[in-house]
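Comments concern the structure below.
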Amino acid sequence: MSGAVLVALAAAIGNFLQGWDNATIAGSILYIKREFKLESEPTIEGLIVAMSLIGATVVTTCSGSLSDWLGRRPMLIISSLLYFLSSLVMLWSPTVYILLFARLLDGLGIGLAVTLVPLYISETAPTEIRGLLNTLPQFTGSAGMFFSYCMVFAMSLTNAPSWRLMLGVLSIPSLIYFALTLFFLPESPRWLVSKGRMLEAKKVLQRLRGREDVTGEMALLVEGLGVGGDTAIEEYIIGPANEFSNAEDPSAANEQIKLYGTAEGLSWIAKPVTGQSSIGLLSRKGSIIANPSGLVDPLVKLFGSVHEKFTETGSMRGSALFPHFGSMFSVGGNQLRNEDWDEESAAKEGDDYVSDAAADDSDDNLQSPLISRQATSVDRDMAAPTQGSMRQGSLVQGEASGNTGIGGGWKLAWKWSEKDGVVKRIYLHEEGGPGSRRGSLISLPGGDAPTLTDGEIVQAAALVSQSALYNKELMHQQPVGPAMIHPSETAAKGPSWSDLFEPGVKHALIVGVGIQILQQFSGINGVLYYTPQILEQAGVGYLLSNLGLGSTSASFLISCVTTLLMLPCIAVAMRLMDISGRRTLLLTTIPVLIVALLILVVGSLVEFNSSVNAFISTLSVIVYFCCFVMGFGPIPNILCSEIFPTRIRGLCIAICALTFWICDIIVTYSLPVMLNSVGLGGVFGMYAIVCIIAWVFVFLKVPETKGMPLEVITEFFSVGAKQAEAVSGS
Numbered sequence: 001m002s003g004a005v006l007v008a009l010a011a012a013i014g015n016f017l018q019g020w021d022n023a024t025i026a027g028s029i030l031y032i033k034r035e036f037k038l039e040s041e042p043t044i045e046g047l048i049v050a051m052s053l054i055g056a057t058v059v060t061t062c063s064g065s066l067s068d069w070l071g072r073r074p075m076l077i078i079s080s081l082l083y084f085l086s087s088l089v090m091l092w093s094p095t096v097y098i099l100l101f102a103r104l105l106d107g108l109g110i111g112l113a114v115t116l117v118p119l120y121i122s123e124t125a126p127t128e129i130r131g132l133l134n135t136l137p138q139f140t141g142s143a144g145m146f147f148s149y150c151m152v153f154a155m156s157l158t159n160a161p162s163w164r165l166m167l168g169v170l171s172i173p174s175l176i177y178f179a180l181t182l183f184f185l186p187e188s189p190r191w192l193v194s195k196g197r198m199l200e201a202k203k204v205l206q207r208l209r210g211r212e213d214v215t216g217e218m219a220l221l222v223e224g225l226g227v228g229g230d231t232a233i234e235e236y237i238i239g240p241a242n243e244f245s246n247a248e249d250p251s252a253a254n255e256q257i258k259l260y261g262t263a264e265g266l267s268w269i270a271k272p273v274t275g276q277s278s279i280g281l282l283s284r285k286g287s288i289i290a291n292p293s294g295l296v297d298p299l300v301k302l303f304g305s306v307h308e309k310f311t312e313t314g315s316m317r318g319s320a321l322f323p324h325f326g327s328m329f330s331v332g333g334n335q336l337r338n339e340d341w342d343e344e345s346a347a348k349e350g351d352d353y354v355s356d357a358a359a360d361d362s363d364d365n366l367q368s369p370l371i372s373r374q375a376t377s378v379d380r381d382m383a384a385p386t387q388g389s390m391r392q393g394s395l396v397q398g399e400a401s402g403n404t405g406i407g408g409g410w411k412l413a414w415k416w417s418e419k420d421g422v423v424k425r426i427y428l429h430e431e432g433g434p435g436s437r438r439g440s441l442i443s444l445p446g447g448d449a450p451t452l453t454d455g456e457i458v459q460a461a462a463l464v465s466q467s468a469l470y471n472k473e474l475m476h477q478q479p480v481g482p483a484m485i486h487p488s489e490t491a492a493k494g495p496s497w498s499d500l501f502e503p504g505v506k507h508a509l510i511v512g513v514g515i516q517i518l519q520q521f522s523g524i525n526g527v528l529y530y531t532p533q534i535l536e537q538a539g540v541g542y543l544l545s546n547l548g549l550g551s552t553s554a555s556f557l558i559s560c561v562t563t564l565l566m567l568p569c570i571a572v573a574m575r576l577m578d579i580s581g582r583r584t585l586l587l588t589t590i591p592v593l594i595v596a597l598l599i600l601v602v603g604s605l606v607e608f609n610s611s612v613n614a615f616i617s618t619l620s621v622i623v624y625f626c627c628f629v630m631g632f633g634p635i636p637n638i639l640c641s642e643i644f645p646t647r648i649r650g651l652c653i654a655i656c657a658l659t660f661w662i663c664d665i666i667v668t669y670s671l672p673v674m675l676n677s678v679g680l681g682g683v684f685g686m687y688a689i690v691c692i693i694a695w696v697f698v699f700l701k702v703p704e705t706k707g708m709p710l711e712v713i714t715e716f717f718s719v720g721a722k723q724a725e726a727v728s729g730s
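Written as C-alpha cells, this is what we have:
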C-alpha cells in the first residue's frame, strides 16, 4: 500500500501550506498593524485575516461541481498555483488593499485544498487505513504551523522583522506542491470510473494498491455510482453446495445464490436466512425498528451493530473460506458482444481476447472489468446456456478466481433473477468468529435455515440492492449481459440536485453539516489565528521573562511549543483512527476540550498572581489544541469525505465545506470584538457551551465508519434513513 501512502502524503502538502499560512498571518498581523497603523481599526485587522476565509468560501461554492466536472487532480494543481501567486503578491503588497487582494487569492487556494484533499485521499486510500491517511492533512497542517511559528519567532528576534518576507516564504513550499500535483499525483480512480474511463482507473488502482488484481475494487467503484434505491439487510448461511440438503424442499434451490471458490469444480451456496435470526444484524435491525429507545439515531445503532457483530478475526479475509470466489455470472451463449466498456476505448470483446493484466497499455486491449466470458471448470461441464441466461464464471478476465474483496473484510457479489431479469449487488461480510465456520450439524433456532453436515460454513450479513449496472428502461438498448448495461451509461447520469433529496443523502448531510458547524463554533480557528495575542493577553511574558524575551517573541515561542506538541498527539490519533474509530475519539476528546476551556474561564475570573495565571492559561491552551487535533480537528472532514455517494460526493462535500467557511468567517471576524467586550474568559465560556452541545450531537447522530468501504457506508446510510423514517412514523 506504499503507493497510496505516498500519494496521500503528497496531497496533504496542500494542508501543510494552509497551516503555514494560518500561523504566518497570526504572527505577522502584529507587525502589519504597526506599519498600517491599524491599532484603532480592529475591523480592518479582522478583515486582513478573514479575507482568506472569504476567498475560501467563494471558491467552495463551485469547487464541488468543478471537481466533479474537471477532476480532483486539476483542482489541486490550480490550488497550488493560487498559493504560489498569492505569496508573491503578499511579498510585494505596497498597500493594505493589495494585501487584502493577495489574501483573497490565498483563500481561493486554501478553499480548494481544504475541500478536496480529504475527498481525494478518501477516494484513493485502502479501506483498512483510510482513517490513518485522512488524518495526514491534520498532521501536515500542524507541521506547517510549527515550522511557520519557528520562522516567525526567529524573525521576531531581529531588529526589523519583515511581515512581507514572512508571508512571501510560502512561495517555496507551494512550488514543491505544484510539482507534485502536476507530475506525481494520479487522478482519483473513483472519479475516472464516474466518467467511464475504466482502463485509466484500473491502472491507477494497480499503482495505488501495488498489485495487478484489482477486479473486486473496480467492480465496487462501478457499483458505487448508484444513488438511492431500496437497500435491504439480509443474512445468509454460506457453505459448499453439496452440503445443502434440499431434498425435503426442492423449491429452496431457487433461493440459493451460487458462489465459486478456488478449488476446481467446487461451488459454494449462499442461502438466505428468513424469520427471526439469532446471528445478529438482521434481527438487530428489526429490534431497532420495533423497539426504538431514547434519542439516539437508529442509524447510529445500526452502524454500532455492524462493528459489534463483525469481529476482526471473523471477516471473510480470503484465507479460510473464499480466498477468491468468482463472479456469479459471465456473458454466455449468443449474448451480445463487442461492448466498449471505456468511453475512450475502441476495444471489442469477442471470442478471442487478452486479459487486461496481460495486455499492453493501449486502450485497444481494454476488456470488461466486471463480466468475463472465461468459464470455470464447472461451466465447461454445463450445457451452453441460451441467450439471455446466466452461467457461473470468472470476475477476472482470463482468470477463474478473481479476488472480489473490497476492503474491511467485505466481499462484492451479485445475484440474478432469471424470472424478472433483475441484477442485484450484494455486499457480504462474515458475522461471528472463526469458531462458527465448521460444524457437523448446524441449524439456527427460530429461522428457516439450511442444515449443513460436516462442512465449512459462514454466517454472513448482506446489504442487497439493485445493481448500478441494471436499468430496466435501457434493457432494449443492447445490454452487455442479462439486465446489465454499460458503466458509461450509469456514469453519464452525472450529479443531480435531486439526488440530495434521497433519504440516505439527506441524513448524511445532516451529520456532515451539523458537525462542521459545531467544530467551527468550538472556536478552534479563531483561537489559532489569534494565539499570539491571546497568550500575550494571558501574560506569557512573565513566564519567559528570565530568558530575556519580549512578550511578543515569548508568545511566538509558546506557539512553537504548542504546535510541536500537537504532532505526537496527531500521530496517536492516526494510529487510533482505524482501531478505536472516529466516533469513539470524538466522544473521548471533546470532554477534555470542555475541561480545558472551563479552566481558562476560572483562570480569568479568579485573581492569581501573574506567574500562576500565565501558567494556567498556557497549559490549558496547549491541552485544548492537543486534544482538538486528536478528534474534533480531523474527524469532521474525514466523515464528510466518507458518507456521501460517489456521483454527488463533490457536491455534498462542497455544501459541508461552504458551511465550514461561513462559520469560520463568523468566528474569526468576531473574535477581536468578543475579546474586547467579554474578555478571554467569556470567549472560552461560550466555546465550552458549544463543545457540550457537540458531544451530545456526536452521541446521538454520528455513526462509526471505520473499516467500511465508502460504498458500503452510503448503503448503510440509505438503510438507516429508512429506519429513522419508520421509527418516526410509528
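Heads up: the sequence shown begins at 1 in the working numbering, then just goes up one per residue. The beta-carbon is built from N, C-alpha and C at its ideal position, and this holds for glycine as well.
In the structure shown, the three-state DSSP call for Ser93 is coil.
Bridge pairing for Ile635: absent [DSSP]. The straight-line gap separating the alpha-carbon atoms of Leu598 and Gly550 is approximately 28 Å. The continuous beta strand (DSSP E) containing Ile406 extends over residues 405-407. Under the 10 Å beta carbon count, Trp92 is surrounded by fewer than 16 other beta carbons and is classified as exposed.
Non-local C-beta neighbours of Gly514 in its own chain, meaning closer than 8 Å and more than five positions away in sequence, comprise Phe697, Lys701, ordered along the chain. Taking 7 Å as the cut-off, the beta carbon of Cys691 is found closer than this to the beta carbon of Ile594. If you draw a straight line from the Cα of Ile269 to the Cα of Thr714, it comes to about 27 Å. Excluding its 5 nearest sequence neighbours in each direction, Leu105 has C-beta neighbours in its own chain below 8 Å: Gly55, Leu82, Leu85, Ser86, Val89, listed in chain order. Annotation for Leu585: the continuous alpha helix (DSSP H) segment containing it runs 582-605.
Of the residues Gly107, Ser617, Ile665, the one whose Cα lies closest to the Cα of Thr43 is Ile665. In this structure Phe303 is buried. Its beta-carbon is surrounded by 16 or more other beta-carbon atoms within 10 angstroms. Annotated three-state conformation of Pro503 is helix, per DSSP. Taking a C-beta distance under 7 Å as the contact criterion, Pro137 and Ala26 do not qualify as a contact pair. Considering only Leu639, Pro161, Thr563, the residue with the shortest C-alpha distance to Gly581 is Leu639. Bounds of any beta strand (DSSP E) do not take in Val296, whose DSSP letter is neither H nor E. DSSP lists Trp414, Ser465 as the beta-bridge partner residues of Arg425. Where Arg207 is concerned, the enclosing alpha helix (DSSP H) starts and stops at 198-209. A distance below 7 Å separates the beta carbons of Ala573 and Met630.
If you ignore the 5 residues before and after Arg583, its C-beta comes within less than 6 Å of the C-beta of Val702, Glu704, all in its own chain and listed in chain order. Note that the region 144-154 touches the region 546-566; at least 3 beta-carbon pairs, one per stretch, sit closer than 8 Å. Contact between the region 110-121 and the region 58-68 is present: 3 or more CB-CB pairs across the two stretches fall below 8 Å. If you draw a straight line from the Cα of Leu605 to the Cα of Gly681, it is about 7 Å long. For Thr181, the enclosing alpha helix (DSSP H) stretches over residues 171-183. In this structure, Leu208 sits near Ala4, with a CB-CB distance shorter than 7 Å. Residue state for Val214 is assigned as coil, using DSSP reduced to three classes.
With contacts defined by Cβ atoms closer than 7 Å, Ala462 and Leu428 form a contacting pair. Shown here, Lys706 sits in coil according to DSSP, grouped into three states, outside any helix or strand.
With fewer than three CB-CB distances shorter than 8 Å, the region 124-140 does not count as touching the region 196-203. Using a Cβ distance threshold of 7 Å, Phe717 and Gly504 count as a contacting pair. The beta carbon of Leu100 sits closer than 6 Å to the beta carbons of Met51 from its chain, once the five residues preceding and following it are set aside; these are given in chain order.
Leu220 places its beta carbon less than 7 Å from that of Glu711. Per the C-alpha coordinates, the member of Met686, Met577, Leu509, Glu725 positioned closest to Phe660 is Leu509. The criterion of a C-beta distance shorter than 7 Å is not satisfied by Leu17 and Ser142.
Secondary structure at Pro272: strand, using DSSP grouped into helix, strand and coil.
For Gly46, the secondary structure class from DSSP, reduced to helix, strand or coil, is helix.
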